[in-house]
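Accompanying notes for the structure given below.
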Amino acid sequence: MGVTLEAASEAGRRNGAVKSNEESFEALFAAEYARVAGIANRVLADPHEAEDVAQEAFIDFNRLHSATAPYAAAWLYRAAAHKALNRIRGRRRRERREFSQAIDEGARTMDPEHVLEASEDRRQVRQALARLAPKPATVLVLRASGLSYAEVAQSLGVGVGQIGTLLRRAEAALRKEVTRGSSF
Numbered sequence: 000m001g002v003t004l005e006a007a008s009e010a011g012r013r014n015g016a017v018k019s020n021e022e023s024f025e026a027l028f029a030a031e032y033a034r035v036a037g038i039a040n041r042v043l044a045d046p047h048e049a050e051d052v053a054q055e056a057f058i059d060f061n062r063l064h065s066a067t068a069p070y071a072a073a074w075l076y077r078a079a080a081h082k083a084l085n086r087i088r089g090r091r092r093r094e095r096r097e098f099s100q101a102i103d104e105g106a107r108t109m110d111p112e113h114v115l116e117a118s119e120d121r122r123q124v125r126q127a128l129a130r131l132a133p134k135p136a137t138v139l140v141l142r143a144s145g146l147s148y149a150e151v152a153q154s155l156g157v158g159v160g161q162i163g164t165l166l167r168r169a170e171a172a173l174r175k176e177v178t179r180g181s182s183f
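First residue of the sequence shown: 0, per numbering that gives the first Met the number 0; consecutive thereafter.
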């Protein structure tokens, strides 16, 4: 009978730990979801796709880490930026593939009347951002998403004093990529 009580006690502890982990994750999700989705939306300019990216980031985090980890928010911010940038890169590859297929089929049609200058500029910036190395692209995305220097530094695992320099270099690289991309 002692074994049965011991087993029941152990099961109760495990259930309590599971419940505590679930509650911790729910609290983390509630506290950080809007910001994580906002970071993704800043890159993607598509709220629905940004929500998908945010959910993927939380699922990955929950699978790999404890919700009580001190780096949870920073990890989620960085993951959202990386996942969103990867979606842009994938979209760009898909667009190139579709474009080349359309040319091969002789079905290339463009309607410039429906292309607004502002949306074209945003597209060029997003493409230039996707061509940047991951660290500069992430610095720009996180900062443009409203994170403070301290939050960006924590997300990237660097000192706060480095963020200004990283940001200036990333902005210069982005300007260069936008110029390079628009000169074709």
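Yeah, the Cβ is synthetic: ideal placement off N, Cα and C, and Gly gets one too.
Close beta carbons around residue 165, own chain, < 6 Å, minus the five adjacent residues each side: Result list for residue 165: 138, in chain order.
Using a Cβ-Cβ cut-off of 7 Å (strictly less than) and excluding sequence neighbours within five positions of residue 93, which residues of its own chain qualify? Cβ neighbours of residue 93 beyond the five flanking positions: none.
Below 6 Å CB to CB, which residues in the same chain sit around residue 198 once its five sequence neighbours on both sides are set aside? A question about residue 198 goes unanswered here, because the residues of the chain that appear run from 0 up to 183.
CB of residue 153 within 9 Å of CB of residue 26, strictly: The answer is no: Cβ separation not under 9 Å.
Does the region 118-129 come close enough to the region 67-82 that 3 or more CB-CB pairs lie under 8 Å? Too few Cβ pairs lie closer than 8 Å, so no.
Taking the alpha-carbon positions, what's the residue 61 to residue 28 distance? Taking the straight line from one Cα to the other gives about 10 Å.
Straight-line CA distance for residue 162 to residue 63? Between residue 162 and residue 63, the alpha-carbon positions lie close to 27 Å from each other.
Through-space distance from residue 19 to residue 174, alpha-carbon basis: Going by the C-alpha atoms only, they are around 47 Å apart.
What ranges does the alpha helix (DSSP H) occupy inside the region 69-156, keeping only unbroken runs of at least 4 residues that lie completely in it? Look at the region 69-156 and you find these whole runs of alpha helix (DSSP H), each 4 residues long or longer: 71-104, 116-130, 133-143, 148-155.
Under a three-way DSSP split, which group does residue 65 fall into? Residue 65 falls in the coil class under three-state DSSP.
CB contact flag (residue 53, residue 30, <9 Å): In this structure, residue 53 keeps its C-beta atom at 9 Å or more from the C-beta atom of residue 30.
What residues in its chain sit with their C-beta under 7 Å from that of residue 176, if we drop five residues either side in the sequence? Within the same chain, 127, 130, 131 come within 7 Å of residue 176 by CB-CB distance, once the 5 residues on both sides are set aside.
For residue 185 and residue 133, what's the separation of their Cα atoms in angstroms? The first residue shown for the chain is 0 and the last is 183, placing residue 185 beyond what the model contains.
Run through DSSP, which three-state label would residue 163 get? Secondary structure of residue 163 (DSSP, three-state): helix.
Three-state secondary structure assigned by DSSP to residue 44: For residue 44, the secondary structure class from DSSP, reduced to helix, strand or coil, is coil.
Look up residue 169 in the DSSP assignment and say whether it is helix, strand or coil. In the structure shown, residue 169 sits in a helix (DSSP, three-state: H, G or I).
Can you tell me which of the three DSSP states residue 158 falls into? It is coil, neither helix nor strand.
In chain order, what residues of the same chain lie with their CB nearer than 6 Å to the CB of residue 148, ignoring the 5 residues before and after it? Counting only Cβ-Cβ distances below 6 Å, and skipping sequence neighbours, we find 159, 162.
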